[in-house]
Amino acid sequence: MDGRRTSHWWTFWGVLILAWAAFPLLWMVSLAFKSPATFRSSSGFWPKEWTWENFQTVFRDELFTSALRNSFGISIIATLLSVIIAMFAAYAIARLDFRGKKLLLSMALAIAMFPQAALVGPLFNMWRGLGIYDTWIGLIIPYLTFALPLSIWTMSAFFRQIPWEMEQAAQVDGATAWQAFRKVIVPLAAPGVFTTAILTFFFCWNEFLLAASLTSTNRARTVPAALSFFTGASQFESPVTAVMAASVVVTIPVVVLVLLFQRRIVAGLTSGAVKG
Amino acid sequence: MAEITMRNIVKRYGDGFPAVNDVSLDIADGEFMILVGPSGCGKSTLLRMIVGLEDITSGEMVIGGRKVNDLAPRDRNLAMVFQNYALYPHLSVFENIAFPLRLRKDMSDDEIKAKVQQAADTLELTEHLDRKPSNLSGGQRQRVAMGRAIVRDADAFLFDEPLSNLDAKLRGQMRTEILRMQRRLGITTVYVTHDQTEAMTLGDRVALLRKGELQQVASPRELYEQPANMFVAGFIGSPPMNFVPARMEGDTMHLPFVSFELPRDLRDAVGQREWVIVGIRPERFEDVALVDSSKLDTGVEFEGKVDVVEWLGNEQYAYMPFELPQMRAEGLEAVEDDLGGEAMQPQLVVALDPASRLDDGSTARIWFDPSRLHVFDVASGQNLSLEVAAPV
């Protein structure tokens, strides 16, 4: 049977790719639960004795807890701002015809392509001059810059899918442009908004280069940057297992978000809007 | 409720193309007006200008005594049903119908509820109020769209090809429902369609458009009996009117298949023209064998070969080819194009009583009454017989 053979191949490749992708993650989890004193000598992939010691170590460390706080704060604020700004920009791009629309879109794309490493030096100097070096706002601003182009592109694609008649119907029904946007377009674009928000959040959450370069203390350092400064419980102990425990902790929100919203992202909310 | 008056309405797009050209139309209070025409004739554009979704290039749009040219759609108090219904997919049927009421902000929840219930009762939607539009059938969605329109006491209803997404059976049903609703509410209605059955059955009056220009505004009966020009004559009626080139010689009219003396008043209408186009509705022909003998003398008989016969039960169509004479006719091609190339085929479509015994390839004797002919000018397509048309 030709069809069955094809599906076997799919399964085979699927499992292979899954193993390939999951292996580092599982290794990380396994290390996080091994004892920091004996993890080098013990053999076997999984720990012989599961221990919470590493998690206790990282949560006792001010470096990590403040970094976690910074990460959440900065990522959430940057995501919210980016989504709100991108929503209006994308709506305008999808619905209105104005001069320079093409230029705007290609500029946005160009910014997304721009190598971040080239900006670190100038930003460092500027931020110190402006006095926002090592602050939340100092990270939120560049994050917005890099997250917005992608957000605008994704969302304008979503807005373009919504039939224009929805909005016209709302206007005939007595809605102002703002009411039509808020009561009809935004709810319909919700899957797009969620997708964009999650992508932006991941970007800010995982970002390392700027986070490491534009911060110097616990005031604004985020988790990815903080991990690199990690020393473990004492200087005589390898910090590897503690770093892994911290990595597990910061991976959890990502996994939870994906599990929570994947339905939302996929759901075609517009079905039934028009003849179908 | 309100009357709608259009004065010299023009819609010109950026490239200078006039989608609607100098249309003046009066729609009386409570009237059911149909805008009909082939695709691209500007009927939807005209409707969208009434509701305010399309800017008016020039001219005046007056609704209920108020000039609305520069008013936003929400300030015109009109209700519109879109071709694809444009229901809000994230809201329940109840909220869809309540949407325009909620926007007004001057109604309590109880009032809104009562109004929506009333509309739902009228449209038999009561048990579907909690469902989402995506779970409804096409006909139900159509009714929700109508519910959203009737709930808000609008000055007028506007329909943009509301039935074109439904299957044939449901379409007939909804057509009657729309008509019944309009009659009961007595509200001014403008209805756009390309379907001539809808146009003829629904409208108090029908406005026929072609290339953005108004061809004729009349009752369905008048449109059928006294078409203003060849385009109207060819568009209204199914199967379409036969157009046959005819040559005048004194008082005698020569058709490709028969010559006869033209009645006095029609002869006067033709005047000095040598060539004219004669229009005969398929249903004006009759099988000689079935014509009342007292009528026979008043009409013209001819014999012809039947190419194909289509028997439909309640009537039958016979197709009779004829030789097309050489004739110069400017402007004819344009009319031809608009009618889908059906107008000037060298064959007669004859609608006969189903009792007629005709077979493919047989010879038929056909009778018609020359006073029921339409005579059109070759160049302009104007109906020359209008003044002398037989009484309806």
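Protein chains in written order, with this note's numbering: chain A, 1 to 276; chain B, 1001 to 1392. We put the beta carbon where it would ideally sit given N, CA and C, even for glycine.
DSSP, read as helix, strand or coil, puts Gly1139 of chain B in helix. Counting only unbroken stretches of 4 or more residues, the alpha helix (DSSP H) elements lying wholly within the region 1182-1230 of chain B are 1196-1202, 1220-1225, in sequence order. With 16 or more neighbouring CB atoms inside 10 Å of its own CB, Trp205 of chain A falls in the buried class.
Taking 3 residues as the minimum length, the beta strand (DSSP E) runs contained wholly in the region 1141-1177 of chain B are 1156-1160, in order along the chain. B:Ala1218 is the residue among B:Leu1185, B:Arg1247, B:Ala1218 whose C-alpha sits nearest the C-alpha of Ala1233 of chain B.
Ranked by Cα distance from Met28 of chain A, the first of A:Ala220, A:Ala118, A:Asn54 is A:Asn54.
Between Ile1277 of chain B and Phe1302 of chain B, the C-beta spacing is not below 8 Å. Chain A places no beta carbon closer than 8 Å to that of Val1144 of chain B, leaving this residue out of the contacts. Under the 8 Å criterion on CB atoms, Gln179 of chain A is classed as interfacial with respect to chain B. By the Cβ neighbour-count rule, Lys1295 of chain B is exposed, with fewer than 16 other Cβ atoms within 10 Å of its own.
At a cut-off of 8 Å, the C-beta of His1194 of chain B has no neighbouring C-beta in chain A. In the DSSP assignment, the residues bridged to Leu1078 of chain B are B:Ala1156.
Shown here, Leu1352 of chain B sits in a strand according to DSSP, grouped into three states.
At least 8 Å separates the CB of Leu1358 of chain B from every CB of chain A. Here the C-alpha atom of Val184 of chain A lies approximately 22 Å from the C-alpha atom of Phe1157 of chain B.
Within the same chain, Cβ atoms closer than 6 Å to the Cβ of Phe201 of chain A are found at Ser75, Thr79, the five residues on either side in sequence being excluded. With distances taken between CA atoms, Pro1162 of chain B lies nearest to B:Ala1086 out of B:Val1206, B:Ala1120, B:Ala1086.
As DSSP reads the structure, Tyr1013 of chain B sits in no beta bridge. For Glu1249 of chain B, the enclosing beta strand (DSSP E) begins and ends at 1242-1249.
Residue nearest to Gly1147 of chain B within the set B:Ile1178, B:Asn1135, B:Asp1160, B:Ser1134 is B:Ile1178 (criterion: CA-CA distance). Only Gln168, Ala169, Gln171, Val172, Asp173, Gly174, Ala175, Thr176, Gln179, Val184, Pro187, Leu188 from the region 167-194 of chain A bring a Cβ to less than 7 Å from some Cβ of chain B. By the neighbour-count criterion, in which 16 or more other beta carbons inside 10 Å mark a residue as buried, Leu148 of chain A falls on the buried side. Inclusion of Ser42 of chain A and Lys34 of chain A in the CB contact set at 8 Å is warranted, their separation being smaller than that value. DSSP places Gln1117 of chain B in the uninterrupted alpha helix (DSSP H) bounded by 1109-1123.
In the DSSP assignment, Glu1301 of chain B falls within the unbroken beta strand (DSSP E) covering 1300-1305. Considering only B:Phe1159, B:Glu1198, B:Ala1154, the residue with the shortest C-alpha distance to Gln1173 of chain B is B:Glu1198.
Taking C-beta atoms as the reference points, Val1375 of chain B and Pro1282 of chain B fail to come closer than 8 Å.
For Phe158 of chain A and Ala37 of chain A, the gap between their C-alpha atoms comes out near 52 Å.
When the alpha-carbon of Asp1377 of chain B is set against those of B:Phe1260, B:Met1248, B:Pro1321, the nearest one is in B:Met1248. Excluding the 5 residues flanking it on each side, Arg1007 of chain B has same chain C-beta neighbours closer than 6 Å at Ser1024, Gly1059, Glu1060, in chain order. Gly1186 of chain B and Gly1030 of chain B do touch by the CB rule: their CB atoms are close to 5 Å apart, below 8 Å. When the beta-carbon positions are compared, Phe1032 of chain B and Gln1216 of chain B stay at least 8 Å from each other. Listed in chain order, the alpha helix (DSSP H) runs fully inside the region 42-111 of chain A are 53-60, 62-95, counting runs of at least 4 residues.
Counting only Cβ-Cβ distances below 8 Å, Pro163 of chain A has contacts in chain B at Asn1084, Ala1086, in chain order. Looking at the DSSP output, Asp1106 of chain B bridges to nothing.
By the Cβ-count criterion, Trp1367 of chain B is buried, with 16 or more other Cβ atoms from all chains shown falling within 10 Å of its own Cβ.
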